[in-house]
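Colleague:
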Amino acid sequence: MDIACAFPTALDSPDNIALAESLGYTRAWVYDTPQQSPDVWMTLALAAQRTDRIGLGPGVLVPSLRHPMVNAAATATLAALAPGRVAVAFGTGFTGRRAMGYPAISWSFMDAYITAYRGLLRGETVEWEGRRMRMLHPDGHAPARPVEVPILVGALGPKGNEIARKHGDGLYVTLQLPEFMSEYSWVPYLAWGTVLDEGEAVDSDHARLAGGPGWALAYHG
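Mapping of the sequence shown onto the UniProt record's numbering: position 111 corresponds to residue 111, and the numbering continues sequentially without gaps.
#1: Report yes or no: do the region 125-142 and the region 87-104 share at least 3 C-beta pairs separated by less than 8 Å?
#2: Compare the C-alpha of proline 158 against each of Leu152, Glu179 and Tyr113 and name the closest.
#3: So who's on the other strand from threonine 174, going by DSSP bridges?
#4: Measuring straight from C-alpha to C-alpha, what distance separates alanine 73 and alanine 45?
#5: For isoleucine 54, which of Val173, Pro34, Ser22 and Val149 has the nearest alpha-carbon?
#6: Quick one: what does DSSP say residue 222 is sitting in, helix, strand or coil?
#7: Does DSSP put arginine 134 in a helix, in a strand, or in coil?
#8: How about the region 189-202 and the region 163-174: do they share at least three Cβ pairs that are nearer than 8 Å?
#9: What did DSSP end up calling glycine 212 once you bin it into helix, strand or coil?
#10: So, is phenylalanine 7 buried or exposed, given that buried needs 16 or more other C-beta atoms within 10 angstroms?
#11: Given threonine 43, which residues of its chain have a CB within under 7 Å of its CB, disregarding the five upstream and five downstream residues?
#12: In this structure, does DSSP put valine 195 in helix, strand or coil?
#13: Taking just the CA atoms, how far does alanine 82 sit from arginine 50?
#14: Measure the CB-CB distance between alanine 89 and glycine 59 and report whether it falls below 7 Å.
#15: Please state the DSSP three-state secondary structure of alanine 10.
#16: Alpha carbon to alpha carbon, how far is valine 153 from aspartate 205? Give it in angstroms, no decimals.
#17: Closest to glycine 170 by CA distance: which of Glu162, Gly160 and Ile151 is it?
#18: I'd like to know whether the C-beta atoms of threonine 86 and leucine 121 end up nearer to each other than 7 Å.
#19: In the region 100-147, which residue ranges form an unbroken beta strand (DSSP E) of at least 3 residues, counting only runs that do not cross its ends?
#20: Cα separation between serine 37 and leucine 11?
#21: Measuring only the C-alpha atoms, how far is isoleucine 17 from leucine 61?
#22: Just list the beta strand (DSSP E) runs in the region 31-85, keeping only unbroken ones of 3 residues or longer that don't cross its boundaries, in chain order.
#23: For glycine 93, does the three-state DSSP call read helix, strand or coil?
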């Protein structure tokens, strides 16, 4: 088992990711919640410049917030800054959309989006919203296609599992552990909590502040 970390993106997240690398964390995931946090891709690019080994990626990226070409170009840029260290996790937008008044995206939208996104990274001509397009970056503007990065899909139910098996190199889960997670070899599990001091009660103020938001999310989600 590898120990990774996740950040609800803040201006000091790049420095905290560098600290996480020095402490031995294997990967850092960064939330995609633009209504309350700095841009996920800018944060990851700054983290790439401050680190050498730790894996980097959005966890989870909300497809509807950006055109597939925008996310593909950003992914290619990060892959150039941190070669061999990038993975991308997609989700339907529980926080990234709900806080702006929108429901989660449909799994059919996710299916079409990842198809276009991955095709662009491979250098293919894809269709999106009735238009055909491909990445046209010349030498020196992005790494040569194909740009291969692992893709994970956040899923808890059967529809999500179908899309994850179709497109994903792994399953990204939080809040609960679905039975089908055993079908995947790579399953990052996002959990909230903290380290208790010796003799510290599990309901201490410190523990409540660290773990409370996650429990509230699980209860009301």
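No residue lacks a Cβ here, since even glycine has one placed at the ideal position from N, Cα and C.
Modeller: Quick look at the numbers:
#1: Touching, no.
#2: One-based indexing of the sequence shown puts residue 158 at position 158. Out of Leu152, Glu179 and Tyr113, Glu179 has the C-alpha closest to the C-alpha of proline 158.
#3: Walking along the sequence shown from the start, residue 174 turns up at place 174. Partner(s): Leu190.
#4: The residue labelled residue 73 in the question sits at position 73 within the sequence shown. The residue labelled residue 45 in the question sits at position 45 within the sequence shown. In this structure, the alpha-carbon of alanine 73 lies about 13 Å from that of alanine 45.
#5: As a first step, residue 54 is located in the sequence shown; it is residue number 54 there, counting from the start. Nearest of Val173, Pro34, Ser22 and Val149 to isoleucine 54, Cα basis: Ser22.
#6: Any answer about residue 222 is impossible in this case: the structure gives the chain only from 1 up to 221.
#7: Mapped onto the sequence shown, residue 134 falls at position 134. Arginine 134: coil per DSSP, three-state reduction.
#8: Short answer: they touch.
#9: The residue you call residue 212 lines up with position 212 of the sequence shown. Annotated three-state conformation of glycine 212 is helix, per DSSP.
#10: The residue you call residue 7 lines up with position 7 of the sequence shown. With 16 or more other CB atoms across the displayed protein chains lying within 10 angstroms of its CB, phenylalanine 7 is buried.
#11: Position 43 of the sequence shown, counted from the first residue, corresponds to residue 43. Closer than 7 Å at Cβ, skipping near neighbours: Thr9, Ser13, Pro14 and Val30.
#12: Along the sequence shown, read from residue 1 onward, the residue named residue 195 stands at position 195. In this structure, valine 195 counts as coil in the three-state DSSP scheme.
#13: Locating residue 50 in the sequence shown gives position 50, where the first residue counts as 1. Locating residue 82 in the sequence shown gives position 82, where the first residue counts as 1. For the pair arginine 50 and alanine 82, the Cα-to-Cα distance works out to about 10 Å.
#14: The residue given as residue 89 occupies position 89 in the sequence shown. The residue given as residue 59 occupies position 59 in the sequence shown. Yes. Within cutoff.
#15: Mapped onto the sequence shown, residue 10 falls at position 10. If DSSP states are grouped into helix, strand and coil, alanine 10 belongs with coil.
#16: Position 205 of the sequence shown, counted from the start, is the residue given in the question as residue 205. Position 153 of the sequence shown, counted from the start, is the residue given in the question as residue 153. Spanning the two alpha carbons is a distance of roughly 34 Å.
#17: For the purposes of this step, residue 170 is taken as the residue at position 170 of the sequence shown. Distance check between glycine 170 and each of Glu162, Gly160 and Ile151 places Ile151 closest, using alpha-carbon atoms only.
#18: Here residue 86 refers to the residue found at position 86 of the sequence shown. Here residue 121 refers to the residue found at position 121 of the sequence shown. The sequence shown places valine at residue 86, not threonine. Taking the C-beta atoms as reference points, leucine 121 is found no nearer than 7 Å to valine 86.
#19: Correct list: 126-128 and 131-133.
#20: Locating residue 37 in the sequence shown gives position 37, where the first residue counts as 1. Locating residue 11 in the sequence shown gives position 11, where the first residue counts as 1. Whole-angstrom Cα-Cα distance: 8 Å.
#21: Working through the sequence shown from its first residue, we reach residue 17 at position 17. Working through the sequence shown from its first residue, we reach residue 61 at position 61. The alpha-carbon atoms of isoleucine 17 and leucine 61 are separated by roughly 18 Å.
#22: Counting only runs of 3 or more residues that sit fully inside the region 31-85, the beta strand (DSSP E) segments are 55-61, in chain order.
#23: Counting from one through the sequence shown, the residue named residue 93 turns up at place 93. In the three-state reduction of the DSSP assignment, glycine 93 falls in the coil class.
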